[in-house]
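Chemist: Chains as they are written, first to last, in the working numbering: chain A, 3 to 363; chain B, 152 to 420; chain C, 2 to 103.
Here it is, the structure, as structure tokens.
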């Protein structure tokens, strides 16, 4: 069976940082990415990131992917990268099964960092299964990776950061956005994102939801309705929108299947997006060999995912006895960065969530 | 209103403006960043230290207008595209506004463009004075436009071409029930909300029971798309808390693979 | 036309023209496309029909999570076309059942 110090599942922002941190401290790393290229969802993020210099603030996500990937190229003696490699199962004895291309492979790493990210939530409304109804991230992939517009006129459901950012990117790609609606009474995403779309003429309509899609083989229109304070539809407020795409951006769910399989203790924490693993301050789960990083620890910005990745990489390496002189200082630096990214009002819900799944103080 | 529409209230904007005296004395940056988010590139880029250092990365940016020259670097670097460069000092009738603008085609110097306010409503025409591409700053061009002086802090966006007005559609008198039984809740297996509700009524109230009985979550998505919706429905109908509902087992493989691959599996590579 | 020709941030360098068939009809995409993006650019939104209800299905997540875009590719069923690169001469067909054993 293939052995390695640390296997990392997921080559997105968290996984890439974890690989860099672990290898810098001398651990051998096998990085598994199910897609044909590294970067995860960074490859479609054309907007500039928030945060500080340490998290590549003001650099576009797509460029950050390249920067992180290039860092690993200088460490090919320690870091092996498998693309087109999907982790299929993580067993209680620590064996990881992988589909590598068309091969089925078993791996026995000493430590595993799971950084599998999240998947897009779905919504129930009439005809919600019609073609033309896409996850917001799907539309982003289609536009920004493949260079293909999703359609002519879009209804965006959800005014969180993803809904706002993808709406802006739709405008940049020359697609009309009929409206952004959100069931909540206020905008969930950063208001600077909202402002830049609003000033381009796109209405943002809060306390509204979509009740049905129209169309035979694909979307031809949508009905939206106002909601009262108890989130109940207000009769007589229905409006029909002439759209050929409905974009669903109602949040992400942590993609934690491997952790369930491995027997990690999980807890339902709404502030973090769903069921997430219980962990200590070094991102170790209740299964000793298994570490976590990125969106599957709780839905946050990619800036936090990168810092978590680095922290998990350092901690996993350290637990195996790999220690550079700066290791302790580096771990402290990660913790400080996470603390500062989460210290403002927009981080409140994250901190509330974290308090429910943290093993130590 | 800001929280509902994304349009900053008048007071927020007027509080961000420097004094009348300062406005009349030369170009300045106005930072329309009114929400505490973890972000600080503007404080680092300013060559004059006019955007004061933050104690905490979530602090709102604060300006020292005595040293700001309106150079425009902050407008180019701000990830939120929330900084504008205003010059009200060179004429009695007109003033200029620099707007970060990430769209194609870019306007050219001399173009007459439509100027919109923070809500995207047309305010006035404006003349493009210059376009700085800012290649060094991740290609966020800043377009400087001359507008009537009294409108300079109203306009925040520009549009090149005349576009047909899009009227918001009128209300539909057709009053549908919000979520009829026929709505699909599990795409892979084509299971409707009605089928799920019927099972819950019969007492089946965890994810795995439903999965075995009506195949919800049994398809290629393995519950990734539908699990939380089905659990919500269980929660709604039974009054159980979401976190108290059994999610069911997760088993390998995480994606469909061919039997051929499993059989050909290797121990060592 | 759904292909983006001009973009303020990105440049899309089109790869080689790739010819494939969709339900017997000859279509073209570019190297670098996924099967799903090439179909979408060619105006094909319906990738199959549900095996029970016959309702049309397109992609939903475009990154291989949801399994909504299963099609028959070169005779093999249950291929998630949103993550499979387009190749010259591919035979792509809509899938209206669970997929037959090969």
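Here a beta-carbon is modelled for each residue, glycine too, at the ideal position from N, C-alpha and C.
1) Would residue 389 of chain B pass as an interface residue toward chain C - the criterion being a Cβ-Cβ separation below 8 Å?
2) Relative to the C-alpha of residue 231 of chain A, which residue among A:285, A:209 and A:213 is closest?
3) So which residues on chain B does residue 9 of chain C lean against when the C-beta distance must stay under 7 Å?
4) DSSP state of residue 339 of chain A, grouped into three classes?
5) Can you tell me which of the three DSSP states residue 90 of chain C falls into?
6) Would you tell me roughly how many angstroms separate the C-alpha atoms of residue 80 of chain A and residue 28 of chain A, rounded to the nearest one?
7) May I ask you to report which of helix, strand or coil DSSP gives residue 5 of chain A?
8) From B:295, B:269, B:180 and B:409, pick the residue whose C-alpha is nearest to that of residue 152 of chain B; which is it?
9) Tell me the start and end of each unbroken alpha helix (DSSP H) in the segment 194-245 of chain B that is at least 4 residues and wholly inside, in chain order.
10) According to DSSP, what are the bridge partners of residue 151 of chain B?
11) Going along the chain, which residues of the segment 71-97 of chain C sit with their C-beta nearer than 9 Å to a C-beta in chain B?
12) Within the continuous alpha helix (DSSP H) that includes residue 140 of chain A, where are the two ends?
13) Just to check my reading of the structure: residue 337 of chain A and residue 277 of chain A have Cβ atoms closer than 8 Å, yes? What is that Cβ distance to the nearest angstrom?
14) Rounding to the nearest angstrom, what Cα-Cα distance links residue 269 of chain A and residue 359 of chain A in this structure?
15) Helix or strand or just coil, what does DSSP make of residue 81 of chain C?
16) Along chain C, which residues have their Cβ under 7 Å away from the Cβ of residue 122 of chain A?
17) Quick check on residue 71 of chain C: buried or exposed, where buried means 16 or more other Cβ atoms within 10 Å of its Cβ?
18) Per DSSP, which residues does residue 249 of chain B bridge with? Please list them.
19) Along chain A, in chain order, which residues have C-beta atoms closer than 9 Å to that of residue 338 of chain B?
20) Taking a Cβ distance cut-off of 7 Å, strictly less, list which residues of the segment 94-118 of chain A are near chain B, in chain order.
21) Which term fits residue 136 of chain B, buried or exposed, when burial requires 16 or more other beta carbons within 10 angstroms of its beta carbon?
22) Short check: CB of residue 156 of chain A to CB of residue 183 of chain A, under 8 Å?
23) Which first and last residues belong to the beta strand (DSSP E) in which residue 99 of chain A is found?
24) What in chain C is Cβ-close to residue 334 of chain B, meaning under 7 Å?
25) Would you check if the distance between the CB atom of residue 19 of chain A and the CB atom of residue 311 of chain A is smaller than 8 Å?
26) Could you name the residues of the segment 177-189 of chain B whose beta carbon sits closer than 8 Å to any beta carbon of chain A, in the order they occur along the chain?
27) Would you mind telling me which residues of chain C sit closer than 8 Å to residue 48 of chain A, beta carbon to beta carbon, in chain order?
28) Answer yes or no: do residue 271 of chain A and residue 361 of chain A have a C-beta to C-beta separation smaller than 8 Å?
29) How would you label residue 241 of chain B, buried or exposed, when you count the other beta carbons within 10 angstroms and need 16 or more for buried?
30) Rank A:55, A:202, A:100 and A:60 by C-alpha distance to the C-alpha of residue 371 of chain A and give the top, closest one.
31) In chain C, which residues lie with their C-beta within 7 Å of the C-beta of residue 170 of chain A?
32) Quick one, which of A:137, A:344, A:259 and A:23 has its alpha-carbon nearest residue 98 of chain A's?
33) Would you mind reading off the limits of the beta strand (DSSP E) that contains residue 324 of chain A?
34) Run through DSSP, which three-state label would residue 71 of chain A get?
35) For residue 340 of chain A and residue 94 of chain C, what's the separation of their Cα atoms in angstroms?
36) Grab me the residues of residue 32 of chain A's own chain with a C-beta within less than 6 Å of its C-beta, minus the 5 sequence neighbours each way, in chain order.
Modeler: On the basis of the supplied data:
1) no
2) A:209
3) 253, 254 and 255
4) helix
5) coil
6) 7 Å
7) Correct three-state label for residue 5 of chain A: strand.
8) The residue with the shortest Cα to Cα distance from residue 152 of chain B is B:269.
9) 224-228
10) Any answer about residue 151 of chain B is impossible in this case: the structure gives chain B only from 152 up to 420.
11) 71, 77, 79 and 81
12) 138-146
13) Rounded, the Cβ-Cβ distance is 24 Å, inconsistent with contact.
14) 7 Å
15) Correct three-state label for residue 81 of chain C: strand.
16) Within chain C, 62 have C-beta atoms less than 7 Å from the C-beta of residue 122 of chain A, given in sequence order.
17) By the neighbour-count criterion, in which 16 or more other beta carbons inside 10 Å mark a residue as buried, residue 71 of chain C falls on the buried side.
18) B:236 and B:295
19) 124, 130 and 131
20) 99, 101, 104, 105, 106, 107 and 108
21) This structure cannot settle anything about residue 136 of chain B, because the visible part of chain B is limited to 152 through 420.
22) no
23) It spans 98-102 - the beta strand (DSSP E) in which residue 99 of chain A sits, taken as one unbroken run.
24) The CB of residue 334 of chain B never comes closer than 7 Å to any CB in chain C; the least such distance is about 12 Å.
25) yes
26) 183, 184, 185, 186, 187, 188 and 189
27) 10 and 11
28) no
29) exposed
30) Lying outside 3 to 363, the shown extent of chain A, residue 371 of chain A is not represented and no answer is given.
31) Those do not exist, as residue 170 of chain A stays about 11 Å from chain C at its closest Cβ, beyond 7 Å.
32) A:259
33) Where residue 324 of chain A is concerned, there is no enclosing beta strand (DSSP E), given that its DSSP letter is neither H nor E.
34) helix
35) 48 Å
36) These residues qualify, in order along the chain: 6, 9 and 82.
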